[in-house]
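Chemist: I have a structure here, written as C-alpha cells, and I will follow up with some questions on it.
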Amino acid sequence: LIAVAILGWWLFTPRSESLPEGVVQISFGSFGSPQQVDVYREIIRRFEEENPNIRVDLCTPSSGAYFQKLKTEMAARIAPDVTWVDVSAFYSFADKNVFRPLEEFARNDPEFHREDYFEGIIQAFTHEGELYALPKSCGSMVLFYNQDHFDEAGIPYPDETWTWDRMVEECAKLTRDTDGDGRVDRYALAPLDLLDLLAQYEVPILSPNRDECVLDSPEAFRVCKFLRDLTFEARLIPSAAQIGGFGVSSGAATGGGRGGASIGIFDLFTLEKVSMIVTDLVLSLVYEKAPFRWDIAPQPAGSVRGGFLNGAGYAMNARTDHPKEAWELIKFLAGPEVQKLRAKGGDSLPSMTRIAESDLFLKNPKPPASRSATLSQLKVAIPPPKHERWPRVLLEIGSMTQNFMSTEDPEPIDAALAETTHIIDRVLEGKE
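In my numbering, the protein residues as written are 6 to 437.
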C-alpha cells in the first residue's frame, strides 16, 4: 500500500528543479475541478512573487478519496508540507499527531490576528487548546429556491422567519403534475440532509462526552418520521424511485456522485424538477446559468434555527522540514488577499469577518442576490462533534437514512435507529 502511495505521489507531484541558493521548496496538497486547480496555480504565482525565497509545488491527486490518500501518505511520510482539510475530516487527523500546531507561529507573527476570523470556524480547527489549521471558508447549508415557481404559485419568498411547519403549509402548491398525465413532474424540495434536520430539532447524535451514540430516542424518531412524511405523505420531496424516473442514479439520489450519463441530484434544481434545494453556496456556480430567477434563504427552523457548520482550511505537516515557509504559505492561503479573490468568485463564504461582511462579497454581481443569508445561517450553525471517527459516523447515518427512506421494503424507523446506534457505538469504540 505504501509503495502504491509513493508511486501515486511520484506520478502526480511536479519534479523538483535545481533551486537557486537561498530558495526553499515546499509542497501543497489540495484537490478540485480543473478550474479550481487553475485558481490555486494563480494563488501560488502571487505567493511566489511576494516570497521569492519560496517555491511551491502544487500536488493534486488525479482521483477521489482525497483524505484516504492523505492518511496513506502521512503513514508513508510522503505527505505535502501544507494540506487542505475540511472541518469534518480534521477530527480524524487531530489525535494522530500528523498536523503541527500553529499556535507558536500565530502568537509570534505580528501580521496574524486571530480575531479577524469568525470565532466558530477558528474553534472548529482548534484541538485541546491548540489551533491546527487556518480557515479559508466557512458556512452552513442554505436554501436555494426558484423565484419563478414561487411567483407562479403566489407564495412569498422564504426568509429567516420560516419554520418547517410553514414550509409544509405554503409549499405544497409547488408540487405539480405539469402535463396532466397523473404523475408528478415537479416537487417542492430536493431530498434533505438528516443531520441538519436533527440540529434544527435539537436532537443530539452523540452523548456530551462523545463516547456513545444517542440516536435511538423518541426525538430522533420524530425527526426521521417527519423526513419520511415529507416524501410519502406530503409529497414535497421525491423518493429515490421517483428521482430515478428523472434520470438520476440511485447513488446520486442518496447523496452520491454522478453516475455515468445520469444527471446528479443537484441538477434537479437546474432542470426545474424541484423548486428548492438545501445545499452549499458552492452550487451557485452550477446554478449561475439556470434559465430562471433564483435566490437563497436561511434554512427553515424546527424548534430552533440551526444546521451544521462546515468549512475548510490549511494545515501543516508535523514532519515538514520547512515549518517557517509552510506557515507563510498557510497564512497567505487563508489571508486577506486570497479571501478577497474568493469573495469575487462568490462560491464560498470567506472566513475573515470583514471580508464576508464587505460589499465585495455581499454585493457580488453574480447570483445569489441575498448573500446575507449565508451570514444569517452561519450565526446559528453548530460544529460537528469533535471525534476522530466522525466521518465514519456520517456514513452510517447516511446508510440508515437510505434504508428507512427506501420506496421498496423500507426498514422501520425505530429498527433503523436502534441498529445504527449499535453500529455507531462500536465505531466510537474502534470495533468497526
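Yeah, the Cβ is synthetic: ideal placement off N, Cα and C, and Gly gets one too.
Just so it is clear, the structure is predicted and the values come from calculations on it, not from any experiment.
Looking at residue 323: is its Cβ nearer than 8 Å to the Cβ of residue 88?
Modeler: Start at 1 with the first residue of the sequence shown, and residue 323 comes out as number 318. Start at 1 with the first residue of the sequence shown, and residue 88 comes out as number 83. Cβ distance not < 8 Å, so residue 323 and residue 88 don't count as in contact.
Chemist: Can you say whether residue 82 is buried or exposed, counting buried as having 16 or more other CB atoms within 10 angstroms of its CB?
Modeler: Translated into the one-based positions of the sequence shown, residue 82 becomes position 77. By the 10 Å Cβ count, residue 82 comes out exposed.
Chemist: Could you say which of 105, 374 and 303 lies nearest to residue 327 if we only look at CA atoms?
Modeler: As a position in the sequence shown, residue 327 is number 322, starting the count at 1. Ranking the options by Cα distance to residue 327, first place goes to 105.
Chemist: Less than 6 Å between C-beta atoms, sequence neighbours within five positions excluded: which residues of the same chain meet that for residue 48?
Modeler: Here the question's residue 48 lines up with position 43 in the sequence shown. These residues qualify, in order along the chain: 343.
Chemist: Could you pull out every unbroken alpha helix (DSSP H) segment of at least 4 residues lying fully inside the stretch 368–403, listed in chain order?
Modeler: For the stretch 368–403, whole alpha helix (DSSP H) runs of length 4 or above, ordered along the chain, are 377–384.
Chemist: What does the Cβ neighbour count give for residue 151, buried or exposed, with the cut at 16 atoms within 10 Å?
Modeler: On the sequence shown, residue 151 is found 146 positions in, with the first residue counted as 1. It counts as buried.
Chemist: To test your reading of the DSSP string, which unbroken alpha helix (DSSP H) runs of 4 or more residues are found completely within the stretch 137–221?
Modeler: Listed in chain order, the complete alpha helix (DSSP H) runs (minimum 4 residues) inside the stretch 137–221 are 152–158, 169–176 and 199–205.
Chemist: DSSP three-state call for residue 97: helix, strand or coil?
Modeler: For this step, residue 97 is matched to residue 92 along the sequence shown. Helix, per DSSP.
Chemist: Which value, in whole angstroms, describes the spacing of the CA atoms of residue 435 and residue 395?
Modeler: On the sequence shown, position 430 is the one that residue 435 refers to. On the sequence shown, position 390 is the one that residue 395 refers to. Those two C-alpha atoms are separated by around 12 Å.
Chemist: Please report the distance separating the alpha-carbon of residue 227 from that of residue 307.
Modeler: Counted from its first residue, the sequence shown places residue 227 at position 222. Counted from its first residue, the sequence shown places residue 307 at position 302. Cα-Cα distance, rounded: 12 Å.
Chemist: Check whether the stretch 374–384 and the stretch 144–159 touch, using three or more Cβ-Cβ pairs below 8 Å as the test.
Modeler: Yes, they touch.
Chemist: Does DSSP classify residue 309 as helix, strand or coil?
Modeler: Stepping through the sequence shown from its first residue, residue 309 is reached at position 304. Residue 309 falls in the coil class under three-state DSSP.
Chemist: Measure the C-alpha to C-alpha separation of residue 92 and residue 399 and round it to an integer number of angstroms.
Modeler: Reading the sequence shown from its first residue, position 87 is the one you call residue 92. Reading the sequence shown from its first residue, position 394 is the one you call residue 399. Between residue 92 and residue 399, the C-alpha separation is close to 13 Å.
Chemist: Where does the unbroken alpha helix (DSSP H) through residue 227 begin, and where does it stop?
Modeler: Residue 227 sits at position 222 when you count from the first residue of the sequence shown. Its alpha helix (DSSP H) spans residues 223–237.
Chemist: Counting beta carbon pairs with one atom in the stretch 173–185 and one in the stretch 403–421, are three or more of them shorter than 8 Å?
Modeler: Because the criterion of three Cβ pairs below 8 Å is not met, the stretch 403–421 and the stretch 173–185 do not touch.
Chemist: Are the CB atoms of residue 411 and residue 302 nearer to each other than 8 Å?
Modeler: Position 406 of the sequence shown holds residue 411. Position 297 of the sequence shown holds residue 302. No.
Chemist: Got a sec? Which residues, its chain only, sit under 6 Å from residue 19 by beta carbon, not counting five neighbours each side?
Modeler: In the sequence shown, counting from the first residue as 1, residue 19 sits at position 14. Only weak support is given to the placement of residue 19: the predicted model assigns it a pLDDT of 45, under 50, and the question is left unresolved by the model.
Chemist: What does DSSP give as the partner residues of residue 499 in its beta bridges?
Modeler: There is no way to answer for residue 499, as the model of the chain reaches only from 6 to 437.
Chemist: Check the DSSP bridge columns for residue 131 and list the partner residues they point to.
Modeler: As a working mapping, residue 131 is identified with position 126 in the sequence shown. DSSP lists 136 as partners of residue 131.
Chemist: With a threshold of 16 other CB atoms inside 10 Å of the CB of residue 296, please say whether the residue is buried or exposed.
Modeler: Taking the first residue of the sequence shown as 1, we reach residue 296 at position 291. So residue 296 counts as exposed.
Chemist: Using only alpha-carbon positions, find the residue among 37, 402 and 192 that is nearest to residue 203.
Modeler: The sequence position of residue 203 within the sequence shown is 198, counting from 1. Minimum Cα distance to residue 203 is reached at 402.
Chemist: Let's test the definition: count the other Cβ atoms within 10 Å of the Cβ of residue 257 and tell me whether it reaches 16, buried, or not, exposed.
Modeler: As a working mapping, residue 257 is identified with position 252 in the sequence shown. Any reading at residue 257 needs caution, since the residue's pLDDT is 40, under 50, leaving its predicted position unreliable; the model's value is listed next. It counts as buried.
Chemist: My parser needs the beta strand (DSSP E) runs of 3 or more residues fully inside the stretch 73–128; what are they?
Modeler: Qualifying beta strand (DSSP E) stretches, in chain order: 87–91.
Chemist: For residue 284, list the residues DSSP reports as bridge partners.
Modeler: The count along the sequence shown starts at 1 and reaches residue 284 at position 279. Residue 284 pairs with 147.
Chemist: For my contact list, residue 288 and residue 279 are in at a C-beta cut-off of 8 Å; report their separation, rounded to the angstrom.
Modeler: Numbered from its first residue, the sequence shown carries residue 288 at position 283. Numbered from its first residue, the sequence shown carries residue 279 at position 274. Rounded, the Cβ-Cβ distance is 13 Å, inconsistent with contact.
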